[in-house]
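Under full-length UniProt numbering, the first residue of the sequence shown is numbered 1, with each subsequent residue one higher.
For each residue, glycine too, the CB sits at the ideal point set by N, CA and C.
Small disclaimer: the values here were computed from a predicted structure and weren't measured.
Worksheet: the structure to be examined is printed underneath.
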Amino acid sequence: MRSAAAPASVHVRAPGKINVFLAVGDVHDDGYHSLATVFQAVSLYEDVIATASPDFTVSVSGPDVDPATVPLDDRNLAVRAAKILAMATGYPGGVHLEIRKSVPVAGGMGGGSADAAAALVACDALWGTGLSSQRMHELAARLGADVPFALHGGTAVGTGRGDHLTPALAPGRFDWVLVLSDQGLSTPQIYRQLDEYRLEHGALADDPPESLDVPPAVLQALRSGDARALAEVVFNDLQVAALQDRPDLERVLAAGAEAGALAGLVSGSGPTIALLCASADDARRVQDECEERGLRALHVHSAVPGARIIA
Ligand code: C5P
């Protein structure tokens, strides 16, 4: 139960992510694929404010939020996070979650996962449930493959479903321009399309790829903080499937290259495009040029911390 000293509300901020490297392996019986990925948390955040309440309720707002695209019932990952924490700890009450979104909905940047991670941290503080980091990570992994990383933040290698995390050294700053889309893409559908593409092109989905590893060059580039070296090795297996659905994104990638980005890739399952830039000044120029072409572009940097309480 909440003690007399428990806060009336708790504000937590959690970041969106880019997969700077994403290799997809075979599909398992549970529908999930083996992954070898490197996440970086970027300076685009979800804010979740948890307020004590007898019931579980949620509200969602944000500059680009179409209310029709975000469920307000138990399908909302933040509500599921709060309920799973209450179940795990025997907390008898509820919570109102106010979600202020900045990460694009269904954009391939883990916005829903960030909401879930923020809700776990916020409810734990609000309810005084005092979960260990390990227990928090276990609950996060039950909510979704990307949720543990949203808790963790920074830079990490993800294996298994993407939820087995190993921190990676990346002390430097990388500047990115994100080009947003009006329409989201469905993550399960993009994974399915990749399986179909591989079947059609001779790579059987149940044939494990020869090696599902993060190449050392990716980790070296991150360690050195060298954007040009990173640009040589960024990679996303899901890109081919996302581009099948959204061939217009090829033009966005070409526009990024013409504007001076070092590299461009689909973020996660898309459709957000992440353009890696040589510096903050370069990123501002790339952003301006993208906007002049009528694209919606944001300048962000990596890597930033995971879900944390805002004073
Ligand atoms: O875990 P999460 O809900 O974020 O995953 C959404 C969907 O993405 C899964 O239902 C699955 O279809 C696909 N996915 C996958 N393999 C992974 C991660 C996600 O096939 N490792």
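Residue range of the beta strand (DSSP E) that includes residue i
i: Ser133; result: Per DSSP, Ser133 belongs to no beta strand (DSSP E); it is in the alpha helix (DSSP H), Ser133 to Leu143.
i: Ser61; result: Phe56 to Ser61
i: Val266; result: Ala263 to Val266
i: Ser211; result: No beta strand (DSSP E) holds Ser211; DSSP gives it neither H nor E.
i: Pro247; result: Per DSSP, Pro247 belongs to no beta strand (DSSP E) and is neither H nor E.
i: Leu298; result: Arg296 to Ser302
i: Pro167; result: His164 to Pro167
i: Leu156; result: It is worth fixing the name first, because residue 156 is Ala in this sequence and not Leu. First-last of the beta strand (DSSP E) with Ala156: Thr155 to Thr159.
Any non-hydrogen atom of ligand 1 closer than 7 angstroms to residue i Cβ
i: Ser267; result: no
i: Asp26; result: no
i: Gly94; result: no
i: Ala150; result: no
i: Cys251; result: Residue identity differs from the one stated: residue 251 is Arg in this sequence, not Cys. No.
i: Pro271; result: no
i: Tyr32; result: yes
i: Arg198; result: no
i: Thr187; result: yes
i: Asp146; result: yes
i: Arg80; result: no
i: Leu139; result: no
i: Ser43; result: no
i: Gly16; result: no
i: Arg293; result: no
i: Gly184; result: no
i: Gly111; result: no
i: Tyr191; result: yes
i: Leu180; result: no
i: Arg142; result: no
i: Leu85; result: no
i: Leu230; result: no
Proximity below 8 angstroms, CB of residue i to CB of residue j
i: Ser279; j: Ala242; result: no
i: Leu97; j: Val58; result: yes
i: Val299; j: Ala311; result: Note that residue 299 corresponds to His in the displayed sequence, not to Val. Not in contact: His299 and Ala311 (Cβ atoms no closer than 8 angstroms).
i: Ala82; j: Cys123; result: yes
i: Phe39; j: Gly225; result: no
i: Arg161; j: Leu35; result: yes
i: Leu16; j: Ala114; result: The sequence given here has Gly at residue 16, not Leu. Yes, Cβ-Cβ distance for Gly16 and Ala114 is below 8 angstroms.
i: Ser302; j: Ala23; result: no
i: Phe149; j: Leu276; result: no
i: Ala255; j: Cys290; result: yes
i: Ile84; j: Leu151; result: no
i: Gly25; j: Leu212; result: yes
i: Val48; j: Gly153; result: no
i: Arg100; j: Ser43; result: no
i: residue 318; j: Ser53; result: Any answer about residue 318 is impossible in this case: the structure gives the chain only from 1 up to 311.
i: Gly108; j: Val266; result: yes
i: Ile18; j: Ala274; result: yes
i: His33; j: Tyr191; result: yes
i: Val252; j: Val233; result: no
Assumed close pair residue i, residue j - CB separation to whole angstroms, cut-off 8 angstroms
i: Ala106; j: Val147; result: No, Ala106 and Val147 are not in contact; Cβ-Cβ is about 16 angstroms, not under 8 angstroms.
i: Leu262; j: Ala307; result: About 29 angstroms separates the two Cβ atoms, so there is no contact after all.
i: Gly111; j: Val103; result: 3 angstroms
i: Pro7; j: Ala125; result: 7 angstroms
i: Ala297; j: Val177; result: 5 angstroms
i: Tyr91; j: Thr37; result: With 8 angstroms as the limit, Tyr91 and Thr37 do not qualify as a contact, their Cβ atoms being about 33 angstroms apart.
i: Pro271; j: Gly172; result: Actually they are not in contact, since the Cβ atoms of Pro271 and Gly172 sit about 28 angstroms apart, beyond 8 angstroms.
First and last residue of the uninterrupted alpha helix (DSSP H) at residue i
i: Thr272; result: It is not in any alpha helix (DSSP H) - Thr272 carries neither H nor E in the DSSP assignment.
i: His11; result: Where His11 is concerned, there is no enclosing alpha helix (DSSP H), although the beta strand (DSSP E) it sits in stretches over Ser9 to Val27.
i: Asp195; result: Thr187 to Glu200
i: Ser53; result: Element bounds for Ser53: not the alpha helix (DSSP H) but the beta strand (DSSP E), His33 to Ser53.
i: Ala283; result: Ala280 to Glu292
i: Pro104; result: That residue, Pro104, is in no alpha helix (DSSP H); it is neither H nor E in DSSP.
i: Asp175; result: Careful: Asp175 lies outside any alpha helix (DSSP H), inside the beta strand (DSSP E) at Phe174 to Leu180.
i: Arg80; result: Leu77 to Thr89
i: Ala117; result: Gly111 to Trp127
i: Leu151; result: Val147 to His152
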